[in-house]
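Here the structure comes first, spelled out in structure tokens, and everything after it is commentary.
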Amino acid sequence: MDEQILQTIIIGLSNGLIYALVALGYTLVYGIIELINFAHGDVFMLGSMLALTLLVAFGVTTGADILTTVGLISIVLLITMAATATLNVSIERVAYRPLRHAPRLAPLISAIGMSFVLQNVGLLWKGPANVGYPDVIPNINVLTTVFGFDTNVSLSYKQLFTAAVTIPLLIALTWFVSKTRQGKAMRATAQDPDTAGLMGVDVNRTIAITFIIAGMLAGAAGLVQILYNNTTVWNLGFRFGLNAFTSAVLGGIGNLQGAVLGGIVLGLINAFSDRYLSAQWTNAIVFGVLIAILVFRPTGLLGQQLADRA
Amino acid sequence: MTSIIDPIERGGSGGLSAWVGHLVDTVVSWPRAYRHAYRRAPRRTVLLTILVILILVYPLLNRFLLQPISRGFPLPIPDDTTVVFMLIFATMAVGLNIVIGFAGLLDLGYVAFYALGAYTAAYLASPHWSTLSIVLFTDLPAGFPGIHLPFFIIFWAAALVAATFGVLLGAPTLRLRGDYLAIVTLGFGEIVPIFFKNLVNVNFELGPIKLVNANITGGPLGINPIDAPSFFGIKFGVINGFAPVYLAMAVVLLCIVIARNLERSRMGRAWMAIREDEIAAEMMGVNTVRTKLLAFGLGASFAGFAGALQASYQGATTSDFFMFATSILVVIMIILGGIGNIWGVILGAIVVQYVDKTLLGWVGQRLNDFGEASGNTFLEQINPSSFSFLLLGLALVAMMRFRPEGFLPSRQRAAELHSAPPDQVIASPGVTDDVIGFEQPLEGGPGAAELAELDPDAVDPNANVGRAEPRSGAEPDAIDPRPEGDR
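Set out below in structure tokens:
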């Protein structure tokens, strides 16, 4: 295969995995309460800012030995996930739960309001410009240095790192939803909250747990964003969030595997558009894909599984 | 405010147009019929007349009294540009209210139509197409480069273009469910400015069409200079002081008249029927596709008006004006003001724009001065303008929770937003004998006492949908057995 194409695929896959993490948050929440959680992208943005702050505070740099770095990054990951989970569940409590029985568009508008609030918090926190963080994970080509291939294609430790964080989380989530008692409660609530309530499922608690999980994934994605793309900005959540939402729709909203597949496909679309067309058209292409999918195949590539609706 | 607005809402004697007629009669036959007219006039006519005079005098008052005063003694007085933009946003609010308020379609990409209107105006009244020279009905010399048409024409052309794109976007997407439609419109609202930003240096070849480095949209710099609107030799550009305020007022008045007539028309009743229950409306013979398309197209045309006004007034337009935040700003305006009520959304537009552009800056300046005087560095450096979206976002969340119908609601919409959905009713013990709460007022909905209080005139006798209030909380989803994707 052409090396350039291979390289584009690698870039697309690693970005796609981050999209997938955020897309899972959209799809989980949509699956369970049929709400497009506009604020989710901004929770991810605040997660990336918190991760950045913690990395600076802990003084995580390239120079330290590997064990210290891995340990510190794990601590940062846990703190960030806990913080974004708390934030997400508080948003649910304040802005969505009181509107559970309101007309459908009311929580959506409330979510947009929340999104604006969080964006402004990000703006006040880190200012209007991009804030960056230097490479912590060495940007070294694994293919040439470790495997000794003679190639121009680059697969860096950073890219392996996105996979190392993302894939275990995806597996854990799938296990949680399909195998645990709480996961069963989530699936039941997604199918029919009233009936699930009558069967003894605590609907409010289940929805809160869904928001906690979504928030944790957003936090993890925030840290990966900082360590992989090395930058964040107050309106990152809007752009990135729309990409992630498109991924969720692409795969079939409410469908966990679909969100991952959609994230990867969208990452590839983005990478190929950046490489072969022009970065300035990439957003237009993403939105074009979003509109085309919603118009022609609203159930997405894989259709619905978690919730039998939408 | 309510006492002035409500009588029109009741519309016993034909609403605004009748009132305008009444006002004209009063003015024309003033000397002879002075006492007669004054005694006969209902109180609301007097109040409305005072209000209208205040509005008409306001730009002069603002210019020649309030602004000079605020230079000596700081007051939060908006400058003329802010006033014009209040009215431009009021135009958009009235238009978006047709889409969201009347027809219940959440459009999050309304800014796209604003952009289309602005660029249409820019194309038709600027030297942008410098290889052409079409100069019609303007005071420019013949042979002047570019297309230069008078404001009266580009104003309608902008509306036509915006409406056309509204219909083009709506045709494939309006069958989508509410939140999906919201996302599709959001995507469209993002795509249009990207096109306007990027279509510069276009190289394109398709059959006989060949473009080499074609500058189609002016790129990030946009298009300027755009001719200022001009009527009878008077210019209405940004440098012409308070005169454009009257032009913008005329545009808003036009929009009010159109929107009110639409609201009371057969089409308006069909919109509200769709908003309340699409399936039921379809059963009653409403052509839902055509009705929704018309709402979309007509709503978009108002954004076209606003765009033409913005471009001509400011003399320049760039893609940066047309951000997602602007779409949401208009949504916030109509939700705060009172969704579904024309007067409410205009008030919302004016208040939000005023707070955002004038009041916050003024408050910030006062705090900074106070901080400087008292040596408090926090107050000295605080900048409330940077909180504006935080405040608006919080306002949106709070409104949805505590007063979803807005400050000046339309009655039908308020009843709708406060009634419980049907599944609630089935579950609540009091009304179990009544399957979906057919006759009985729903729990949380307008109670019997409240319904009895409703003035019979409050409901337009022609608007049958108004009588359906107790059932209006029903969501189509609740009774439609089809899978959602098929709708």
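Protein chains in written order, with this note's numbering: chain D, 1 to 310; chain W, 311 to 797.
Glycine included, each C-beta is placed from N, C-alpha and C at the ideal position.
Answer with buried or exposed for Met-709/W, where buried requires no fewer than 16 other C-beta atoms within 10 angstroms of its C-beta. Counting Cβ neighbours within 10 Å, Met-709/W comes out buried, since at least 16 surround it.
In terms of alpha-carbon separation, which member of Leu-670/W, Ala-580/W, Ile-589/W lies closest to Thr-601/W? Closest by alpha carbon: Ala-580/W.
State the Cα-Cα distance for the pair Gln-675/W and Met-396/W, rounded to the nearest angstrom. Rounded to whole angstroms, Gln-675/W and Met-396/W show a C-alpha spacing of 22 Å.
DSSP state of Asn-523/W mapped onto helix, strand, coil: Reduced to three states, the DSSP call for Asn-523/W is strand.
Is there a Cβ from chain W that is less than 9 Å from the Cβ of Ile-368/D? Look at the range of chain D in this structure, 1 to 310, and you will see that residue 368/D is not part of it.
What did DSSP end up calling His-40/D once you bin it into helix, strand or coil? In the three-state DSSP reduction, His-40/D falls in the helix class (H, G or I).
Nearest to Pro-138/D (by Cα), restricted to the options Thr-62/D, Val-165/D, Leu-290/D: Measuring from the Cα of Pro-138/D, the nearest candidate turns out to be Thr-62/D.
Against chain W, with Cβ distances strictly below 9 Å, would Ala-102/D count as a contact? By the rule that beta-carbons nearer than 9 Å mark a contact, Ala-102/D touches chain W.
When we look at the beta-carbon of Gln-119/D and count the other beta-carbons within 10 Å, is it buried (16 or more) or exposed? That one is buried.
Grouping DSSP H, G and I as helix and E and B as strand, with all else coil, what is Phe-454/W? When DSSP states are grouped into helix, strand and coil, Phe-454/W belongs to the coil group.
Please return the same chain residues whose Cβ sits closer than 7 Å to the Cβ of Phe-211/D, not counting the five positions on each side in sequence. For Phe-211/D, the CB contacts under 7 Å within the same chain, skipping 5 residues up- and downstream, are Val-29, Asn-88, Val-89, Glu-92 in chain order.
Using a Cβ-Cβ cut-off of 9 Å, state whether Phe-498/W counts as contacting chain D. Chain D contact via Cβ: present.
Count Cβ pairs between the stretch 680-696 of chain W and the stretch 69-87 of chain D that sit closer than 8 Å; are there 3 or more? Taking one beta carbon from each stretch, the stretch 680-696 of chain W and the stretch 69-87 of chain D have fewer than 3 pairs nearer than 8 Å; the two do not touch.
Considering only the beta carbon of each residue, do Leu-459/W and Leu-446/W sit closer than 9 Å? Leu-446/W sits close to Leu-459/W, with the two beta carbons spaced by under 9 Å.
Inspect the beta-carbon positions of Val-394/W and Leu-619/W and report whether they are closer than 9 Å. Contact: yes.
What is the C-beta distance between Ile-536/W and Ala-626/W, in whole angstroms, given that I count them as a contact (C-beta under 8 Å)? Yes, Ile-536/W and Ala-626/W are in contact; Cβ-Cβ is about 6 Å, under 8 Å.
Check the Cβ-Cβ distances between Thr-628/W and every residue of chain D, and say whether any is below 9 Å. No, its Cβ sits nowhere closer than 9 Å to a Cβ of chain D.
State yes or no: is the beta carbon of Ala-129/D nearer than 9 Å to at least one beta carbon in chain W? Any Cβ of chain W closer than 9 Å to the Cβ of Ala-129/D would place that residue at the interface, and such an atom is absent.
So which residues on chain D does Pro-719/W lean against when the C-beta distance must stay under 9 Å? Residues of chain D passing the Cβ test: none, with the nearest at roughly 14 Å.
Sub-9 Å separation of Ala-51/D and Leu-227/D beta-carbons: Yes, they are a contact pair.
Count the other CB atoms, across all protein chains shown, that sit within 10 Å of the CB of Trp-234/D; report buried if there are 16 or more and exposed otherwise. Label assigned to Trp-234/D: buried.
Which residues in chain D have a C-beta closer than 7 Å to the C-beta of Tyr-490/W? List them in chain order. The contacting residues are Leu-294, Pro-298.
As a quick exercise: from Asn-372/W, Val-502/W, Val-409/W, Thr-391/W, pick the residue whose alpha carbon is nearest that of Ala-422/W. Residue Val-502/W is the option with its Cα nearest to Ala-422/W.
Measure the alpha-carbon distance for Pro-128/D versus Thr-232/D and round it to whole angstroms. It is roughly 10 Å from the alpha-carbon of Pro-128/D to the alpha-carbon of Thr-232/D.
Proximal residues to Leu-294/D (C-beta, below 7 Å), its chain only, five neighbours per side dropped: For Leu-294/D, where only same-chain residues beyond five positions count, the Cβ hits under 7 Å are Val-249.
As a quick exercise: from Gln-7/D, Leu-35/D, Ala-190/D, Lys-184/D, pick the residue whose alpha carbon is nearest that of Asp-489/W. Residue Leu-35/D is the option with its Cα nearest to Asp-489/W.
Limits of the alpha helix (DSSP H) - the one that Ile-11/D falls within: Here the alpha helix (DSSP H) through Ile-11/D covers 3-33.
Beta-ladder partner(s) of Ala-435/W, from DSSP: His-458/W, per the DSSP bridge assignment.
By how many angstroms is the C-alpha of Ile-264/D removed from the C-alpha of Gly-16/D? Rounded to the nearest whole angstrom, the CA to CA distance from Gly-16/D to Ile-264/D is 4 Å.
Select from the stretch 678-707 of chain W all residues with a C-beta closer than 9 Å to any C-beta belonging to chain D, and list them in chain order. The residues in question are Ser-696, Phe-697, Ser-698, Phe-699, Leu-700, Leu-701, Leu-702, Gly-703, Leu-704, Ala-705, Leu-706, Val-707.
Taking 8 Å as the threshold, find out whether the stretch 399-410 of chain W comes into contact with the stretch 560-574 of chain W through three or more Cβ pairs. With a cut-off of 8 Å, the stretch 560-574 of chain W and the stretch 399-410 of chain W count as touching, because enough Cβ pairs lie within range.
With H, G and I counted as helix, E and B as strand and the rest as coil, what does DSSP make of Ile-533/W? Under the three-state reduction of DSSP, Ile-533/W is assigned to strand.
Pop quiz: Ala-472/W and Gly-427/W are said to be a contact at Cβ under 8 Å. What is the actual Cβ separation, rounded to whole angstroms? Going by Cβ atoms, the distance from Ala-472/W to Gly-427/W rounds to 5 Å, so yes, they are a contact pair.
DSSP three-state assignment for Thr-687/W, whether helix, strand or coil: In the structure shown, Thr-687/W sits in a helix (DSSP, three-state: H, G or I).
Of the residues that make up the stretch 49-62 of chain D, which ones have a beta carbon closer than 9 Å to any beta carbon in chain W? Answer set for the stretch 49-62 of chain D: empty.
Could you give the DSSP three-state label for Phe-465/W: helix, strand or coil? Phe-465/W falls in the helix class under three-state DSSP.
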